[in-house]
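Participant: Just so you know, the working numbering puts 43 at position 43 of the sequence shown, and the rest follows in order with no gaps. Using N, Cα and C, we set each Cβ at its ideal position, and we do this for glycine too. Note that this is a predicted model, so its numbers are computed, not measured.
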Amino acid sequence: MLDTKKTIFSGMQPSGMVTLGNYLGALNNWTKLQDEYNCLYCIVDMHAITVRQDPAKLRKQAKELLMQYIAVGLDPEKNIIYYQSHVPQHAELSWVLNCYTYMGELSRMTQFKEKSQRHAENINSGLFTYPVLMAADILLYQADLVPVGEDQRQHLEITRDIAERFNGIYGDVFTMPEPYIGKVGARIMALQDPTRKMSKSDENKNNTIALLDEPAVIMNKIKRAVTDSDNEIRFGEDKPGISNLLSIYCAVTGKTPAQAEAEFANTSYGAFKVAVGEAVVANLEPIQKKVKELEKNQDYMDSVIRSGAEKASRIAEKTLRKVHKKVGFPPRIK
Ligand code: ATP
Ligand code: LTN
Numbered sequence: 001m002l003d004t005k006k007t008i009f010s011g012m013q014p015s016g017m018v019t020l021g022n023y024l025g026a027l028n029n030w031t032k033l034q035d036e037y038n039c040l041y042c043i044v045d046m047h048a049i050t051v052r053q054d055p056a057k058l059r060k061q062a063k064e065l066l067m068q069y070i071a072v073g074l075d076p077e078k079n080i081i082y083y084q085s086h087v088p089q090h091a092e093l094s095w096v097l098n099c100y101t102y103m104g105e106l107s108r109m110t111q112f113k114e115k116s117q118r119h120a121e122n123i124n125s126g127l128f129t130y131p132v133l134m135a136a137d138i139l140l141y142q143a144d145l146v147p148v149g150e151d152q153r154q155h156l157e158i159t160r161d162i163a164e165r166f167n168g169i170y171g172d173v174f175t176m177p178e179p180y181i182g183k184v185g186a187r188i189m190a191l192q193d194p195t196r197k198m199s200k201s202d203e204n205k206n207n208t209i210a211l212l213d214e215p216a217v218i219m220n221k222i223k224r225a226v227t228d229s230d231n232e233i234r235f236g237e238d239k240p241g242i243s244n245l246l247s248i249y250c251a252v253t254g255k256t257p258a259q260a261e262a263e264f265a266n267t268s269y270g271a272f273k274v275a276v277g278e279a280v281v282a283n284l285e286p287i288q289k290k291v292k293e294l295e296k297n298q299d300y301m302d303s304v305i306r307s308g309a310e311k312a313s314r315i316a317e318k319t320l321r322k323v324h325k326k327v328g329f330p331p332r333i334k
């Protein structure tokens, strides 16, 4: 049967505990797409080492991320789920694409500027070429669509620029990918500083809610979230804290902004925060339960890891061979 489904690729770094931001901005959309598309969801451990990681912790986080992919509802039978470092074609294509990417365009990346400020002691060249590896991830699988949070829009643009440049020279080698950015939850902010995005590598754990946080911890973090003093529950640029909590509420309940505003029109901040906390806890409960089950099933996890890498590698190799041929590398002798 002819496979006419389009392809989706996305990834997440095992750089900390998965946050509510990662879930609402990305993971939650991924599960909605798995029936209509051929999907690959990668754990981008090679991206994670652009910031110094503790080896034992990185390994643990990668495994936990994999379990959370499955626990939120990604079916390993329907989707290709794998570790980036198990598929060497990512690094190989990344090298080639490095030679088609300009220093100038990489220096304009907001994430690079932001991360080099945060890690001034370790501004390594991997951090600088991070978007090239990301372009390789996406282009290797000829992805049509890339579901990500708002913060990744710029990386998608540079991916398209690289693809367009390469195709311009060699003909249609790469499919042009489009970003897929959801309407709600695309940018969840830090709880203690709602002008910054919630980020899993944030050292202040009061800024983030982890998918695996205990219910009491979640309630507490939301209670302590920074708001303002005018006691009005509505969306507004002048109300970043309340707007963030409202966005979270809408994303976990499926309610529209107008519905949420109406619901809390005469509510105190205290009661509102309890309602948001309870909605989050209820949403995360089944995910946490599923992770506990998966933790007990090592054999199953191993089989997912093995088969995911095999399937991804087979597809990736096709694109890589084509690229090698186009740029003029000598053919392999069988
Ligand atoms: P790090 O802190 O290590 O940079 P991160 O939390 O920013 O990590 P990533 O692994 O870089 O997370 O991103 C995974 C996915 O989650 C991406 O699609 C990204 O756009 C999305 N995402 C990250 N943070 C948020 C957020 N605060 N709101 C919505 N989506 C987000
Ligand atoms: N840079 C992304 C993670 C990432 C990714 C990708 C996302 C790496 N490769 C390919 C989509 C497609 C981030 O979220 N920080």
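Measure how close the beta-carbons of Asn207 and Ala190 come, nearest whole angstrom, since I'm counting them as under 8 Å.
Facilitator: Right, the Cβ-Cβ distance comes to about 4 Å (below 8 Å), so this counts as a contact.
Participant: In terms of DSSP beta bridges, what is Val132 paired with?
Facilitator: Looking at the DSSP assignment, Val132 forms no beta bridge with any residue, so it has no partner.
Participant: Cα-Cα, which of Pro76, Ala265, Ile242, Val276 is closest to Thr338?
Facilitator: A question about residue 338 goes unanswered here, because the residues of the chain that appear run from 1 up to 334.
Participant: Would you report the Cα separation of Phe329 and Val323, rounded to the nearest angstrom?
Facilitator: Going by the C-alpha atoms only, they are around 9 Å apart.
Participant: Our contact map puts Lys290 next to Ala135 with C-beta atoms below 8 Å; I'd like the distance itself, whole angstroms only.
Facilitator: Incorrect: roughly 33 Å between the Cβ atoms, too far for contact.
Participant: Along the chain, where does the beta strand (DSSP E) that runs through Pro147 open and close?
Facilitator: Counting along the chain, the beta strand (DSSP E) containing Pro147 begins and ends at 145 to 147.
Participant: Below 8 Å on the Cβ atoms is my guess for Ile43 versus Leu24; work out the distance and round it to an integer in Å.
Facilitator: Between Leu24 and Ile43 the Cβ distance is about 19 Å, and since that is not below 8 Å, they are no contact.
Participant: If you follow the alpha helix (DSSP H) that Tyr249 is part of, which residue opens it and which one closes it?
Facilitator: Where Tyr249 is concerned, the enclosing alpha helix (DSSP H) stretches over 240 to 253.
Participant: Entirely within the stretch 158 to 203 and at least 4 residues each: give me those alpha helix (DSSP H) ranges in chain order.
Facilitator: For the stretch 158 to 203, not a single whole alpha helix (DSSP H) run of length 4 or above is found.
Participant: Return yes when at least one heavy atom of the ligand LTN lies under 8 Å from the C-beta of Gly11, else no.
Facilitator: Within the cutoff, so yes.
Participant: Less than 6 Å between C-beta atoms, sequence neighbours within five positions excluded: which residues of the same chain meet that for Tyr180?
Facilitator: Same-chain partners within the cutoff: Leu145, Pro147.
Participant: Going by DSSP, what residue range makes up the beta strand (DSSP E) through Leu40?
Facilitator: Where Leu40 is concerned, the enclosing beta strand (DSSP E) stretches over 38 to 43.
Participant: Using 8 Å as the cut-off, classify the Cβ of His86 as near or not near the heavy atoms of the ligand LTN, replying yes or no.
Facilitator: Because no heavy atom of the ligand LTN lies under 8 Å away, the Cβ of His86 does not count as near it: no.
Participant: For Asn231, count neighbouring C-beta atoms within 10 Å of its own C-beta (all shown protein chains included) and say buried if the count is 16 or more, exposed if not.
Facilitator: Exposed is the call here.
Participant: Taking a contact to mean a Cβ-Cβ separation below 9 Å, would you say Leu320 touches Gln152 in this structure?
Facilitator: No, they are not a contact pair.
Participant: According to DSSP, Asn79 sits in a beta bridge with which residue or residues?
Facilitator: Its beta-bridge partners are Cys39.
Participant: Return the first residue and the last residue of the alpha helix (DSSP H) that Phe112 is part of.
Facilitator: Where Phe112 is concerned, the enclosing alpha helix (DSSP H) stretches over 110 to 118.
Participant: Out of Ile209, Ile49, Gly11, which one is the CA nearest neighbour of Lys221?
Facilitator: For Lys221, the nearest C-alpha among the options comes from Ile209.
Participant: Answer with yes or no whether the minimum CB distance from Gly254 to chain D is below 9 Å.
Facilitator: The structure shown contains no chain D; it is built from a single protein chain.
Participant: For the ligand ATP, I want to know if Ala265 counts as a neighbour, meaning its beta carbon is within less than 8 Å of at least one of the ligand's heavy atoms.
Facilitator: Because no heavy atom of the ligand ATP lies under 8 Å away, the Cβ of Ala265 does not count as near it: no.
Participant: Suppose you measure from the CA of Val274 to the CA of Met219; what does that come to, to the nearest Å?
Facilitator: Straight-line Cα distance between these residues: approximately 7 Å.
Participant: From Ala271 to Ala260, what does the alpha carbon distance come to, in whole angstroms?
Facilitator: Each residue's alpha carbon lies about 14 Å from the other.
Participant: Would you kindly work out how many angstroms separate the C-alpha atoms of Trp140 and Lys334, rounded to a whole number?
Facilitator: The question names Trp, but residue 140 is Leu in the sequence shown. Leu140 and Lys334: Cα-Cα distance of roughly 23 Å.
Participant: Span of the alpha helix (DSSP H) holding Thr31?
Facilitator: First-last of the alpha helix (DSSP H) with Thr31: 28 to 33.
Participant: What are the boundary residues of the alpha helix (DSSP H) that Met67 is part of?
Facilitator: Residues 55 to 71.
Participant: My assumption, with CB atoms under 8 Å, is that Thr227 sits in contact with Ile242. Please give the rounded CB distance.
Facilitator: That pair is a contact at about 5 Å.
Participant: Alpha carbon to alpha carbon, how far is Glu121 from Glu105?
Facilitator: If you take the alpha carbons of Glu121 and Glu105, they lie about 23 Å apart.
Participant: Can you tell me the Cα-Cα spacing of Leu133 and Ser15, whole angstroms?
Facilitator: Looking at the two C-alpha atoms, the distance is approximately 16 Å.
Participant: Apart from the five residues on each side of it in sequence, which residues of its chain come closer than 6 Å, Cβ to Cβ, to Leu313?
Facilitator: Going by the sequence as given, residue 313 is Ser instead of Leu. The residues are Val87.
Participant: CB of Asn283 to nearest heavy atom of the ligand ATP: below 8 Å?
Facilitator: Asn283 Cβ: outside cutoff for every heavy atom of the ligand ATP.
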